[in-house]
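J.: Let me give you the structure first, and then I'll get to my questions.
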Amino acid sequence: MPEFPHLSGALVFTLFETTAVIAAAVAGMILAANKSMDIIGAYALACINAFAGGTVRDLLLDNRPFYWMEHYLLLVVILALCIPFVYSARIFHLASEMHRRSVVIDAIGLALFTMTGTGIALHQGRPLIVAALMGVVTGTMGGVVRDVVVNEVPDLFRPGGLYATASFTGAIVLIAGIQYGMQYPEASALGIVVVVALRLLSLRLGVTVPAPQWAARDRAGEP
Amino acid sequence: MPEFPHLSGALVFTLFETTAVIAAAVAGMILAANKSMDIIGAYALACINAFAGGTVRDLLLDNRPFYWMEHYLLLVVILALCIPFVYSARIFHLASEMHRRSVVIDAIGLALFTMTGTGIALHQGRPLIVAALMGVVTGTMGGVVRDVVVNEVPDLFRPGGLYATASFTGAIVLIAGIQYGMQYPEASALGIVVVVALRLLSLRLGVTVPAPQWAARDRAGEP
Amino acid sequence: MPEFPHLSGALVFTLFETTAVIAAAVAGMILAANKSMDIIGAYALACINAFAGGTVRDLLLDNRPFYWMEHYLLLVVILALCIPFVYSARIFHLASEMHRRSVVIDAIGLALFTMTGTGIALHQGRPLIVAALMGVVTGTMGGVVRDVVVNEVPDLFRPGGLYATASFTGAIVLIAGIQYGMQYPEASALGIVVVVALRLLSLRLGVTVPAPQWAARDRAGEP
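Protein chains in written order, with numbering that gives the first Met the number 0: chain S, 0 to 222; chain A, 0 to 222; chain H, 0 to 222.
Here you go:
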């Protein structure tokens with residue numbers, strides 16, 4: 000992990016990171032509910048959605064211990080969250096309601112995971128393209144593994160608002176900021192703003208990555 | 000691996016472990032038959048079902064060498080088993096017949112994999128919640144990877160008899176036993192009994208993990 | 000990597016390896032087009048198809064750094080290739096046309112990946128059965144991960160021309176050659192010829208692995 004010169008920066012960072020993990024876990028539980036899984040499925044999807052992105056990154060960068068093993072208390076917290084979520088109708092409805100309005104929370108999660116992933120790779124002196132990709136992997140692979148496990152083509156790979164593109168752009172902003180002499184906290188704050196803004200604006204304005212030329216073929220109804 | 004004070008304990012353990020691996024391999028072959036795969040698919044699913052749980056655990060705990068690399072003779076044995084299984088109608092029917100009645104074998108496999116996974120993590124001084132989860136991962140992830148590869152939502156995540164819950168409870172029993180001063184062989188024997196009993200009783204009595212509140216919604220036919 | 004006594008051998012090898020990676024990447028892009036994915040999906044499938052086999056092998060053998068991290072320029076090249084592929088109708092059609100006729104290129108890729116995988120495992124002194132399996136893993140797992148991600152039962156596990164069998168046979172030829180005193184370049188050249196010949200002949204002559212006995216049952220329409 001990059002070192003923080005100011006304690007307050009590290010504190011804010013930890014707070015944000017924990018928020019992102021919990022939000023991703025709850026999103027995993029909601030998907031488990033939609034798939035009529037039992038509590039085991041809910042716990043598994045919660046952990047996958049919260050930790051798989053960082054775990055894939057750590058496997059690829061050969062980092063140990065994994066985040067969830069160092070912060071294993073989060074495994075207990077998520078288990079504790081599963082029980083009311085699964086068995087209390089009130090809390091389930093509250094969570095799904097919040098989740099439906101949670102594009103902002105999700106975008107912040109994407110941004111934070113991107114910044115931690117890129118930062119860790121930079122700190123280890125990886126090539127810049129690898130660092131940017133590790134940010135995208137950390138931000139998006141949780142959802143990809145989750146979708147593969149529940150047997151769907153990953154959302155990420157299908158047309159929609161900017162997601163991986165927002166993450167990649169934010170990673171580039173962080174890298175550029177550090178190359179031009181900014182400290183990690185400032186550069187990552189800038190990166191977070193860019194990711195969240197790109198994600199939310201693309202959803203509001205209906206912007207997607209430019210349509211591949213085969214989209215035209217699909218619309219024309221050719222085979 | 001935890002050390003065994005008595006040679007006989009280690010011998011029994013190895014015998015049980017090998018049995019569990021072979022039984023899981025045969026179960027993988029039977030699934031390949033149901034999916035009309037060829038012998039390559041049969042061998043791949045056999046190896047995945049037998050070794051994927053332990054391999055995921057070893058990746059997560061950063062253990063090397065992997066079990067199947069240390070005991071690579073098992074790779075040859077499973078390859079040798081595939082050939083009569085795939086090409087001899089008699090052996091195929093015998094195996095499927097045995098497998099259909101093999102809830103007991105499967106439950107023992109789950110129990111043994113749980114005990115080895117938890118034991119290895121304990122031996123490395125991991126946090127207790129991580130040790131219990133590693134037991135569950137070792138016992139169940141083979142089946143999850145197998146189901147994902149053949150393109151089904153993992154059985155494990157859908158309502159049914161106790162499976163991960165039985166594994167988790169047995170892991171807790173092993174951990175508690177060791178915390179209270181029991182030796183590994185005794186504590187794991189106790190854990191095995193608990194896993195097998197929970198699994199078989201839950202199947203016989205129709206016990207599942209308590210139904211999530213969304214099950215009610217599903218039964219009522221709401222969207 | 001095994002050491003090459005002659006520089007020219009290493010040069011030819013690198014050239015072949017790069018060709019195999021690029022061909023696999025383009026094949027991944029074409030699949031993304033058939034699945035109507037966007038450019039993110041195209042880039043992800045290209046990287047998965049090109050690098051997942053080697054990455055799984057390196058995870059299993061605990062090799063670092065990964066191939067794509069050492070040769071990260073390839074990540075940039077594939078990204079650059081995606082853009083014309085996705086947005087230029089002419090290049091897309093050219094690539095799909097080439098791909099349709101590319102059984103030869105694909106067979107060479109399989110052969111090369113098999114030789115590098117087996118060679119690396121041999122160089123590390125792994126057991127011979129493990130070395131042969133690592134060759135097959137390197138040659139075939141890219142396609143398996145790709146198929147799992149796009150939610151299909153892996154092609155590899157279904158009846159068809161010889162594929163894993165060709166790869167396995169070539170790995171055995173390489174291993175036998177080295178055991179009988181050949182140098183790596185000569186033995187692997189022999190192995191490449193065997194893989195390509197087996198693959199192409201099996202397709203031309205309609206040879207498959209001998210039909211499992213359950214195929215008879217399927218043909219008879221039994222359940």
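By construction, the Cβ of each residue, glycine as well, lies at the ideal position given by its N, Cα and C atoms. On a predicted model such as this, the values are computed, not experimentally measured, just so you know.
Does I128/H get closer than 8 Å to chain A when you measure Cβ to Cβ?
T.: Yes - at least one Cβ of chain A is within 8 Å of the one on I128/H.
J.: Measuring alpha carbon to alpha carbon, tell me which residue in G138/H, M181/H, M36/H is nearest F50/H.
T.: Ranking G138/H, M181/H, M36/H by Cα distance to F50/H puts G138/H first.
J.: In this structure, does DSSP put G180/H in helix, strand or coil?
T.: In the structure shown, G180/H sits in coil (DSSP, three-state: anything other than H, G, I, E or B).
J.: Around the Cβ of E16/A, are there at least 16 other Cβ atoms within 10 angstroms (buried) or fewer (exposed)?
T.: Label assigned to E16/A: buried.
J.: With a threshold of 8 Å between beta-carbons, can T137/S be considered close to chain C, or not?
T.: Absent here is chain C; the protein component of the structure consists of chains S, A and H.
J.: Could you check whether the Cβ of Y162/H sits closer than 7 Å to any heavy atom belonging to the ligand ADP?
T.: The model depicted lacks the ligand ADP and carries no ligand whatsoever.
J.: Using the Cα positions of Q182/S and I39/H, report the straight-line distance between them to the nearest angstrom.
T.: Going from the Cα of Q182/S to the Cα of I39/H covers about 30 Å.
J.: For Q212/S, go through chain H and note every residue whose CB falls closer than 8 Å to its CB, in chain order.
T.: Near Q212/S (Cβ distances below 8 Å), the residues of chain H are V85, Y86, S87, A88, F91.
J.: Three or more C-beta pairs under 8 Å: does that hold for the region 40-60 of chain S against the region 116-126 of chain S?
T.: Touching, yes, given that three or more Cβ pairs across the two stretches are closer than 8 Å.
J.: Which residues of chain S have a Cβ atom closer than 8 Å to the Cβ of V147/A, listed in chain order?
T.: Residues of chain S passing the Cβ test: V147, V148, N150.
J.: For the candidate residues I21/H, Y86/H, I77/H, A79/H, whose alpha-carbon lies nearest to that of A32/H?
T.: Here the closest residue by C-alpha is Y86/H.
J.: Are the C-beta of A163/S and some C-beta of chain H separated by less than 8 Å?
T.: Interface residue, yes.
J.: If we ignore side chains and look at the alpha-carbon of each, how far apart do A196/S and A79/S end up?
T.: A196/S and A79/S: Cα-Cα distance of roughly 33 Å.
J.: Within 10 angstroms of the Cβ of V194/A, are there 16 or more other Cβ atoms? Answer buried if so, exposed if not.
T.: When all chains shown are included, V194/A counts as buried.
J.: How close, in whole Å, do the beta carbons of F112/H and A19/H come, if the pair is a contact with beta carbons under 8 Å?
T.: Their Cβ separation, rounded to whole angstroms, is 6 Å, which keeps F112/H and A19/H in contact under 8 Å.
J.: Kindly indicate which residue of R145/A, A130/A, D146/A has the alpha-carbon position closest to the one of W67/S.
T.: Residue A130/A is the option with its Cα nearest to W67/S.
J.: Taking the alpha carbon of S201/S as the point to measure from, which residue in Y179/S, N150/S, A170/S, V102/S has its own alpha carbon closest?
T.: The shortest C-alpha separation from S201/S is found at V102/S.
J.: Can you say whether P211/H is buried or exposed, counting buried as having 16 or more other CB atoms within 10 angstroms of its CB?
T.: When all chains shown are included, P211/H counts as buried.
J.: Taking A26/A as the reference, which of I171/A, G108/A, V147/A, S187/A has the closest Cα?
T.: Taking only the C-alpha atoms, the option nearest A26/A is G108/A.
J.: Could you check which residue in I128/H, H98/H, L30/H, H92/H has the C-alpha nearest to that of V152/S?
T.: That would be L30/H, whose Cα lies nearest to the Cα of V152/S.
J.: Given a cut-off of 8 Å on the beta-carbon distance, is the pair I128/S and V75/H in contact?
T.: Yes. Within cutoff.
J.: Name, in chain order, the residues that DSSP records as bridge partners for G160/S.
T.: Answer is T207/S, bridged to G160/S.
J.: Beta-carbon within less than 8 Å of I47/H's beta-carbon, same chain only, minus the 5 sequence neighbours each way: which residues are those?
T.: Cβ within range, chain order: G27, G141, V144, R145, V148.
J.: Going by beta-carbon coordinates alone, are V192/S and L161/S separated by less than 8 Å?
T.: Not a contact, by the Cβ cut-off of 8 Å.
J.: Identify the continuous alpha helix (DSSP H) that holds E69/S and give its terminal residues.
T.: That run of the alpha helix (DSSP H) goes 66-69.
J.: Could you name the residues of the same chain whose beta carbon sits closer than 7 Å to that of S166/S, not counting the 5 residues immediately before and after it, in chain order?
T.: Closer than 7 Å at Cβ, skipping near neighbours: L109, T113, G134, V135, G138, T139, V194.
J.: Please confirm whether L155/H and A163/H have their CB atoms less than 8 Å apart.
T.: Cβ distance < 8 Å, so L155/H and A163/H count as in contact.
J.: Could you list which residues in chain H have their beta carbon closer than 9 Å to that of M97/A, in chain order?
T.: Within chain H, no residue comes near M97/A; the closest Cβ sits about 16 Å away, beyond 9 Å.
J.: Is E16/A helix, strand or coil by DSSP?
T.: Of the three classes helix, strand and coil, the one that applies to E16/A here is helix, per DSSP.
J.: So, are the CB atoms of D233/H and R157/S less than 8 Å apart?
T.: It is not possible to answer for residue 233/H, since the shown part of chain H is limited to 0 through 222.
J.: Where L10/S and I82/A are concerned, what is the direct C-alpha to C-alpha distance, given to the nearest angstrom?
T.: Between L10/S and I82/A, the C-alpha separation is close to 60 Å.
J.: Look up R145/S in the DSSP assignment and say whether it is helix, strand or coil.
T.: Helix at R145/S.
J.: Once the 5 residues before and after R203/A are set aside, which same chain residues still bring their CB inside 8 Å of it?
T.: None.
J.: Would you please verify whether the beta carbon of V208/A is less than 8 Å from any beta carbon of chain S?
T.: With 8 Å as the cut-off, V208/A counts as an interface residue toward chain S.
J.: Mapping DSSP to helix, strand and coil, what is S35/H?
T.: Coil at S35/H, not helix or strand.
J.: What does D61/A reach in chain S if we use C-beta pairs closer than 7 Å?
T.: Neighbours of D61/A on chain S, chain order: R63.
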